[in-house]
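Novice: Residue numbers (the numbering used here), protein chains in the order written: chain B, 81 to 628; chain Y, 2 to 460; chain D, 64 to 340. Glycine included, C-beta positions come from ideal geometry on N, C-alpha and C. Quantities reported herein were computed from a predicted structural model and do not represent experimental measurements. Would you mind keeping the following structure in view while I ask a few things?
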Amino acid sequence: MSNAQAIGPTAPNLDWSSDQAQRRVRRRYAADRRLQAYGIIAIALAVGLLGVLIASLISTGFPAFIQTKVELPIYIDPAQVDPQDPGSGKYRALVREAVDKVVPGIPEEQKRSIGKILTSDAAYIVRDYVVDHPDVIGKTITLPIAVSDPFDQLHKGVIPKEMDALNWTQVGWFERLDNRGLVVEHDGRMSLKLDVYVNPEIVEAGPPPSGNFAVLAQSSLKAYLPRINDTSLVDMLAAEAPEVIGARIAAEPDIIGKTVQMYFPLSPHYAVLAKGETPKVLNPRFSQDQLAALDILDGKGLVRTPFNWELFFNADSRFPERAGLAGAITGSFYALLVCFLLSFPIGIAAAVYLEEFAPKNRFTDLIEVNINNLAAVPSVVFGLLGLAVFLGFFGLPRSAPLVGGMVLSLMTLPTIIITTRAALKAVPPSIREAALGVGASKHQVMIHHVLPLALPGILTGTIIGMAQALGETAPLLLIGMNAFIPSIENMGLLEPATSLPTQIFSWADSPERGFVSRTSAAILVLLGFLVIMNIVAITLRQMFQRKW
Amino acid sequence: MLGYVLLLITVLAVASYFFGRKRAAAVVGGRQQELHSRPSYHGAYVAAWVGLPSAFLVLIWLLLQGPVIDNLLLWSLPPGTVDGLTSGQISLLLSEIKSVAAGNVFSEPSLAVQDAAARYHSWQIIARWAMAAVALSIALLGLFFASRRISPEFRARHGAEHILSGLMIACSLIAILTTLGIVLSLLIEALRFFDRIPALEFFFGLNWEPQIPIREGQVTGGGAFGAIPVFTGTLLIALIAMAVATPIGLYSAIYLTEYAHPKVRAVIKPVLELLAGIPTVVYGFFAVLTVAPAMRQFGDMIGVPIAPNSALAAGGVMGIMIIPFISSLSDDAIAAVPRAMRDGSYAMGATKGETITKVLLPAALPGIMGGILLAVSRAIGETMIVVMAAGIIASLTANPLEPVTTVTVQIVTLLIGDTEFDNPKTLAAFALGLVLFLVTLALNVLALHIVRKYREQYE
Amino acid sequence: MEAQPAVRVQAPAVPEPREGQSVARLELKMAARDVNLWYGEKQALFGVSLDMFDSSVTALIGPSGCGKSTFLRCLDRMNDVIDGCRVEGDIRLDGEDIYAPRVDPVQLRARVGMVFQKPNPFPKSIFENVAYGPRIHGLCKTKAEYADVVEKSLTRAGLWDEVKDRLDESGTGLSGGQQQRLCIARAISVNPEVLLMDEPCSALDPIATAKIETLMDELKKNLCIVIVTHSMQQAARVSQRTAFFHLGKLVEVDETSKIFTNPTDQRTQDYVTGRFG
C-alpha cells in the first residue's frame, strides 16, 4: 500500500467535454433507449397478439349469439297428427305444407330444395312443441324455426350471396392483355385482338373449313401469356370464339399458313371485367329459387334474428344452427363437481399435514418433490394415467364425467396443496402460539384458528385450480369425454358426456361454416366462465386480505 | 343406488355423532368435567368409525365390481366361446353383452349373449344390494365397537385426532400414488409395446406409420414404429415456440422490471399473465382460424408455399402461450438480483441499459435459464395446440413451413376412440408417453435445481 | 432535552482559514448549499450545507436515520434512481452545479465514485469487476491498457498481491474485507475525483476494517473522500473534518478534533459522548 502514491492516477484522465467523449456518451444513451424500445416492442407484440386473439374470436363468434329464424305459421292438421299419439305424426309433411302456404306456387320438383332453407330438424322442433302442447292439434301455431346454416350465415352477412367470378390471378392476366391494348370492342362485343398463325397442320381450307379451331384459338392466346400453365386461362375466350377462325378461313382461304389478326369475343365474365365491372357468380351453396323464396319470407316480415338462447339450452347437434352448449356445460359441471369434491378436502388435508404436522424427514421430502413435479407433468400424461388405470385397470366407464373429474382432480391437487400451504404459512405463528398457550391441542389449533384464517387464501387457490381444470382438454380427450351428446336428459356421473373444451375441439374439427362461429362462441362462453371464476378469486383475496 | 348408499352412510355417521355425544354426556350424568374428552370428541370418534370404514369399503367395492363381474361373465359363457379370441374381441363381446343388458339391441344377439346379458343384469342387482348390505353392516359394527368404548376415562380426543392424522397422511400419499400410477401404467404398457417392437427400432427408426393396422403375426414388417421423425418434429415446434417466446418474454421482463413506471407494470403484468390463463384449446383454434390462414396468404403473396398445418403456425402460436412463463420467471430472476448490484453499477456511471445487459442479466442468468428450461418442458408437453394446428404425418424435415407431427399429437391420435391395449398402435402411445414423461421430468428437475441454486446464491 | 437555540445551518462558503490548521491548505472540491430532499411526501433532508475538500477525508456521523447516507447519495445523484425522490438546493463539484440539466449523471458518477456499506462485487471475475468502469466509459483501447488499469487499481486498493494469481476467479468468492477492497479498486479504476464511502466497514471484522482505514489514508492524497460512519472512533481516526447530522439536519461541522473534544452544539456533545445514538 505504501507504493500507492507512486502509481498515481489509475486510468488515463478523460476529457469529458471532448467531442469523442460526448459522442460516446450519446452512443451509450442510444443503446439504452434501444433496449427500452425493444422492451416496448416486445410488450406491444405480446399484448397485440392477445388483442388479435380476442378480436378474432369475438368477430367470428359474435354472429353465433344470434340465430336467423323463420316465424312459420303451421297448421297442425289432425289428419297428420294423431291426438292420442302426438309423438309420431307426419311432421315433415306439416312443415312442407306450411312452407307451401307462405311461399305459394313452388313447383313440385323444387319443394325439396326450398325446404332446405329451414333446418333439417324443423320437423322435430314442431313435434317437440306439439308433444309439450297437445292442445294445439287442429290449430295454427307460429313457431320460430331456425334456418339452415348457409342461409343463417347469408342473412347475418357472414357469407355473401354472390362471389367474385374471377380470382385475382385471372384478373391479372386480363389486365396484362388490356395494358397491351388487346382488349377492344368488335362488332358490339368485347373482344381480344390476337395475332393468329393459321397453322396448315391444324386446319384445312375445305370448304367447308375444318380443323381444331379451339386449339388454335387457345394457343394464340397462350402465346401472349407465356409461362402460364393454368388451364383456366382458356376460359377467357367465349365458347364461340373458335368459330371466328372458321368464318375467317371460309371468307379468305389464302390466310392458311399466314399470321393474321383476329377478334375473339371474351367469355361473359371477362366481358363484364372489360366493361370495368366486377363479374359475380351466385354462391354455389344457394340456388336462385331458394334465394327468391327467402326474399318472399323476408318480405312478409317472417325472418327474425333473435338472441340465440339455444346456444345455451340446446345440446349438440349435427346441424350447426341447432347445436348448443348445454351438454358441454353440464358435462363440465359434473366433472368439476367431482374434481372439487375430491381435490378440495384431499388437498387441504395433505397441505395441513405437510405444513403443520409432518416431521422433516426423507419421506416428507419425497412427497414434496412429488407434488412439485406433478405440477409440471404434461396434462396428456394424466390422460394416459386415467386411460390405463381408471378405464383399463378399474374398468370405470369410458367418457364418464366421474373419470374426467378424477383425472382433473389429480391435476388440480398440486395447485391446491401448494396454495393452501402458502395460505397456512401466511398465518402468523403468534396465533398458533397463543392458542397452544391456553392448552389447545395441535389439531384444535389447526381446526379452530389456523384453517379459518387461511380459508380465503385456500379458496382463492382452489378456484384458480378449478379454472385451470375447466380449460383442460387433452386428458378428457384421452378418456373419451368428447362424446356426441344430442340431449342432456340422460346425463349423469357415469353416462357418456362431453365438456366445454372438448366440445370446442369437436366443433373446431367440423367443416360447416356455422361451426366455426359456434366454436368461437363456445370459446367466448368458456372464457366468460374463466373470467368469472378469476374475478371471484381476486375479490375473495382482496376482501379478506389481511396485513398481520 | 350408489348415491343412496353414500347418503345412508353419511346420515348414519351424522346420527352416530350425535349419538356418541349424547352417550358420553349420559355416561357421566351431565357432569362434563369428569370426562377426559369433551362429548363432541366422543361423537366424532364414533362417527369416524361408522363412516370411514364403510365408505372405504364402498370405494373398493366400486373399483373391483366391474372386473370381477366381467370375469364371472366370461366363465359363465358356454365352454369354448372365448377360446382363441383376442382380448380385443373379448372386450367387444363383453360390451355387446352389456349393451344387450341395457336394452340396446341393434342386431339379433346370439342366445349365449342373451343368457349372459340376463345374468349380467341380475348379478349387477345382486352386487348392488350386496354392497349396500355389507356397507351397512360394517357401519353398524363400527357403531357398536366405538360406542362401547365411550367412558369417562376414554381419550376420545386422542382417538379422533389420530384418525384425523391418519386421514391427512393418506391424503398426502395421493401425490406419491399418482406419480407411482403414472410411472407404472406408462412403464407396463410401454414394456408391452417393446415386447412387440424392438426398442432400438422405436428410438432410432426413421419411419413412423403407426396407422397401418398391424395384426399379430404381421409385426415383422419393420420400420413403421421408428419415432425419430416424431421426436424431431416435437423439437422443431418447441424450437420455433422458444424462438418466439424467449425474446418477447425476456425483453418484456426487462422493460417491466427496470424501465416501466410502477403503474404501467401493475397493468401490463396481469395482462401478460392472461396469456397463460387461456386454455390451450383456444390457442389451437386461434392457430387454425387466424394464424395459419394468414401465414398461408402471406406465403402466397411472396410466392412461398406454406402448408396450412405448418410447424411455423403451430410453434408460433405455442410461443405466444409460453411468453408469460418466460416473462414472469425472468421477471422474478431479474428482480431477485440484489439492489446492491444495481447501485454498484450505477455508481460506476453505467446507464440503465449497461446495468441491465452487463450486470443484471449475467447475474440473473441461472434463473432465466431455469425459466427457459421450464418453458421448453411446457412446449414439449403441450398438446391441444399441436393436435389442432400441427400435422399428423411424421416427416423428417427441418423446414418450418412444412407440417411435422409431435409426440403429443401422436399420443392423442393413436388413442382417440380406441381403448384396446393389445395392438402396437395403442401401446405405442404409452411408449411415447413414457418418453415424454421422462424428458419433461428431467427438464423440470434440472430447471428447479438451477433456480433453487440461484436463489440460494442471493439469500 | 435541554433548551436549544433554533437549529442553524452552518455558515456557507469556505471556512475562514485558520492558523496552524490543516484545513487551511486544502482546496474546496464539493460544496452543498441548502439541500432539501423529499421521499414522496416525506422530507428527509432539511437545508443541509456542507463543504468537502480535496485531499482530505470528511466524515458524516449521526444516529441511524439522520440522513447522512441520504445526503451522501445526493453527491453522485444516486437518489435519481429512486422513484419519488426529489432534491432541492445547490451541490457543486469544482464550482459546477451537478444538478444542472446539462450535467449527465453518467459522467458525474465517473468523477464521483462510491463504495457501499455491504461489499457488492458483481458476479464476474475479479478482473472484469475492476475493468467494468473503464469498459463502459471507454477509457482504454487495448487489452494491455485494461490489464494496466486493473493492476494499478488493485495495487492502490492494496489487493493486488492477494489476487494477482486468480484474476479470473469470481469476485464473490473473496472474503468480506477483500470484496470491499475490490469494490474500492473498482471505484477508483475510472480515476474519480471524489470517493463517497457509505459505512464501508460496517460489515467487516476489525482487521479488514483496519486495512481499509489505512487504505483511505493513502487514497486521500489525491482524492476527496467523504465517508459515512457509525463509528465515532473511525471518524476520529480517518477524517480531517466531521459533520454531525441529526434528524435530517446538519447540526455541526468542524475539524474532527474540535467535534470530538469541544463541539459547539449540545446535541453533538451528547452524541459524541454517547448519551444517545
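Return helix, strand or coil for Tyr162/D, following the three-state DSSP convention.
Specialist: What you label residue 162/D is simply residue 99 of the third sequence in a count that begins at 1. Tyr162/D: coil per DSSP, three-state reduction.
Novice: If Thr352/Y and Tyr109/B are in contact, beta carbons under 8 Å, what's the gap, nearest whole angstrom?
Specialist: Numbered from 1 along the second sequence, position 351 holds the residue referred to as residue 352/Y. Numbered from 1 along the first sequence, position 29 holds the residue referred to as residue 109/B. Correct: roughly 6 Å between the Cβ atoms.
Novice: For Asp180/B, which of Ala117/B, Val605/B and Gln370/B has the nearest alpha-carbon?
Specialist: Reading the first sequence from its first residue, position 100 is the one you call residue 180/B. Closest option to Asp180/B, Cα to Cα, is Gln370/B.
Novice: Would you kindly work out how many angstroms separate the C-alpha atoms of Asn247/B and Ile269/Y, rounded to a whole number?
Specialist: Position 167 of the first sequence holds residue 247/B. Position 268 of the second sequence holds residue 269/Y. Asn247/B and Ile269/Y: Cα-Cα distance of roughly 43 Å.
Novice: Pull out every residue of the segment 184–196 of chain D whose Cβ sits closer than 8 Å to any Cβ of chain Y, in chain order.
Specialist: Pro184, Phe185, Pro186, Lys187, Tyr195 and Gly196
Novice: Under the three-state reduction of DSSP, which class applies to Arg96/D: helix, strand or coil?
Specialist: As a position in the third sequence, residue 96/D is number 33, starting the count at 1. Here Arg96/D sits in strand by DSSP.
Novice: Three-state secondary structure (DSSP) at Trp76/Y?
Specialist: The residue labelled residue 76/Y in the question sits at position 75 within the second sequence. Helix.
Novice: Check whether the Cβ atoms of Val278/B and Thr339/B lie closer than 9 Å to each other.
Specialist: What you label residue 278/B is simply residue 198 of the first sequence in a count that begins at 1. What you label residue 339/B is simply residue 259 of the first sequence in a count that begins at 1. The answer is yes: Cβ separation under 9 Å.
Novice: Does any residue of chain B have a CB that is nearer than 9 Å to the CB of Asp71/Y?
Specialist: For the purposes of this step, residue 71/Y is identified with residue 70 of the second sequence, where counting begins at 1. True, the Cβ-Cβ gap to chain B drops below 9 Å.
Novice: Which residues, taken in chain order from the segment 150–173 of chain D, show a beta carbon closer than 7 Å to some beta carbon of chain B?
Specialist: Asp167, Val169 and Gln170
Novice: Applying a beta-carbon distance threshold of less than 7 Å, which residues of chain D neighbour Val105/B?
Specialist: Sequence index remark: in the first sequence, residue 105/B carries index 25 (1-based). The contacting residues are Asp167, Val169 and Gln170.
Novice: Is the beta carbon of Leu138/D closer than 9 Å to that of Val344/D?
Specialist: The structure shown has nothing for residue 344/D, since chain D only spans 64 to 340.
Novice: Report yes or no: is there a C-beta of chain Y within less than 9 Å of the C-beta of Lys181/D?
Specialist: Stepping through the third sequence from its first residue, residue 181/D is reached at position 118. Yes, Lys181/D lies at the interface with chain Y (some Cβ there is under 9 Å from its Cβ).
Novice: Using only CA atoms, which one of Gly147/D, Leu123/D and Arg136/D lies nearest to Glu104/D?
Specialist: As a position in the third sequence, residue 104/D is number 41, starting the count at 1. The candidate whose alpha carbon is nearest that of Glu104/D is Gly147/D.
Novice: For Ser396/Y, tell me which candidate among Asp344/Y, Ser311/Y, Thr356/Y and Ile357/Y has the shortest Cα-Cα distance.
Specialist: For the purposes of this step, residue 396/Y is identified with residue 395 of the second sequence, where counting begins at 1. Selected option, being the one with the closest Cα: Ser311/Y.
Novice: Can you list, in chain order, the residues of its chain with a C-beta nearer than 7 Å to that of Asn363/B? Leave out the 5 residues immediately preceding and following it.
Specialist: As a working mapping, residue 363/B is identified with position 283 in the first sequence. Ile239, Pro240, Lys241, Glu242 and Met243, listed in sequence order.
Novice: To test your reading of the DSSP string, which unbroken alpha helix (DSSP H) runs of 4 or more residues are found completely within the segment 406–452 of chain B?
Specialist: 406–432
Novice: Using 8 Å for Cβ pairs, my map puts Glu592/B next to Ala480/B. What's the rounded Cβ distance?
Specialist: The residue you call residue 592/B lines up with position 512 of the first sequence. The residue you call residue 480/B lines up with position 400 of the first sequence. Not really, about 28 Å apart at Cβ, beyond 8 Å.
Novice: Taking a contact to mean a Cβ-Cβ separation below 9 Å, would you say Pro325/Y touches Gly206/Y in this structure?
Specialist: Here residue 325/Y corresponds to residue number 324 of the second sequence, with the count starting at 1. Here residue 206/Y corresponds to residue number 205 of the second sequence, with the count starting at 1. In this structure, Gly206/Y does not lie closer than 9 Å to Pro325/Y by Cβ.
Novice: Closest to Val291/D by C-alpha separation, out of Met177/D, Leu230/D, Arg330/D and Arg96/D, would be which residue?
Specialist: The residue labelled residue 291/D in the question sits at position 228 within the third sequence. If we check each option's Cα against that of Val291/D, Met177/D comes out closest.
Novice: What residue from Phe109/D, Arg249/D, Ala194/D and Ile189/D has the CA that sits closest to Val314/D's CA?
Specialist: On the third sequence, residue 314/D is found 251 positions in, with the first residue counted as 1. Of the candidates Phe109/D, Arg249/D, Ala194/D and Ile189/D, the one whose C-alpha sits nearest the C-alpha of Val314/D is Phe109/D.
Novice: Would you call the CB atoms of Leu493/B and Glu436/B closer than 9 Å?
Specialist: By one-based count along the first sequence, residue 493/B stands at place 413. By one-based count along the first sequence, residue 436/B stands at place 356. Contact flag unset, no.
Novice: Count the other C-beta atoms from every protein chain shown that fall within 10 angstroms of the C-beta of His523/B, then say buried if there are 16 or more, exposed otherwise.
Specialist: Locating residue 523/B in the first sequence gives position 443, counting from the first residue. It counts as buried.
Novice: Please list the partners that Trp96/B has in chain D, where partner means a Cβ-to-Cβ separation under 7 Å.
Specialist: Counted from its first residue, the first sequence places residue 96/B at position 16. Result: Gln170.
Novice: Would you please verify whether the beta carbon of Arg114/B is less than 9 Å from any beta carbon of chain D?
Specialist: Within the first sequence, numbered from 1, the residue matching residue 114/B stands at position 34. Taking Cβ atoms only, chain D never reaches closer than 9 Å to Arg114/B, which makes this a no.
Novice: Rounded to whole angstroms, what is the Cα-Cα separation between Ser92/Y and Ile98/Y?
Specialist: For the purposes of this step, residue 92/Y is taken as residue 91 along the second sequence, with counting starting at 1. For the purposes of this step, residue 98/Y is taken as residue 97 along the second sequence, with counting starting at 1. Whole-angstrom Cα-Cα distance: 10 Å.
Novice: Is there a C-beta anywhere in chain D that falls below 9 Å from the one on Arg456/Y?
Specialist: Here residue 456/Y is taken as the residue at index 455 of the second sequence, counted from 1. It does not: the Cβ of Arg456/Y has no partner Cβ on chain D nearer than 9 Å.
Novice: In chain order, what residues of the same chain have a beta carbon less than 8 Å from the beta carbon of Leu276/Y, not counting five sequence neighbours either side?
Specialist: Along the second sequence, read from residue 1 onward, the residue named residue 276/Y stands at position 275. Counting only Cβ-Cβ distances below 8 Å, and skipping sequence neighbours, we find Ile321, Met322, Ile324 and Pro325.
Novice: I want to see whether chain Y comes within less than 9 Å of Asn453/B, judged by CB atoms only; does it?
Specialist: One-based indexing of the first sequence puts residue 453/B at position 373. Yes, its Cβ sits closer than 9 Å to a Cβ of chain Y.
Novice: Is the CB of Ser331/Y under 9 Å away from at least one CB in chain D?
Specialist: To locate residue 331/Y, count along the second sequence from 1; it is residue 330. It does not; no Cβ of chain D falls within 9 Å.
Novice: Using the Cα positions of Asn453/B and Ile279/Y, report the straight-line distance between them to the nearest angstrom.
Specialist: As a working mapping, residue 453/B is identified with position 373 in the first sequence. As a working mapping, residue 279/Y is identified with position 278 in the second sequence. Cα to Cα, Asn453/B sits roughly 22 Å from Ile279/Y.
Novice: Using a C-beta cutoff of 9 Å, does Ser85/D count as contacting chain B?
Specialist: Here the question's residue 85/D lines up with position 22 in the third sequence. Because the pLDDT of Ser85/D is 48, which lies under 50, any placement of that residue in the model is unreliable, and the question is left without a value.
Novice: Please confirm whether Asp231/D has its beta-carbon closer than 9 Å to some beta-carbon of chain Y.
Specialist: Along the third sequence, read from residue 1 onward, the residue named residue 231/D stands at position 168. Taking Cβ atoms only, chain Y never reaches closer than 9 Å to Asp231/D, which makes this a no.
Novice: Quick check on Lys359/Y: buried or exposed, where buried means 16 or more other Cβ atoms within 10 Å of its Cβ?
Specialist: On the second sequence, position 358 is the one that residue 359/Y refers to. It is buried - the Cβ of Lys359/Y has at least 16 other Cβ atoms within 10 Å.
Novice: Going by other Cβ atoms of all chains shown within 10 Å of its Cβ, with 16 needed for buried, is Asn325/D buried or exposed?
Specialist: Here residue 325/D refers to the residue found at position 262 when the third sequence is read from its first residue. It counts as exposed.
Novice: Do Arg96/D and Ser112/D have their C-beta atoms within less than 9 Å of each other?
Specialist: Here residue 96/D is taken as the residue at index 33 of the third sequence, counted from 1. Here residue 112/D is taken as the residue at index 49 of the third sequence, counted from 1. Closer than 9 Å, so yes.
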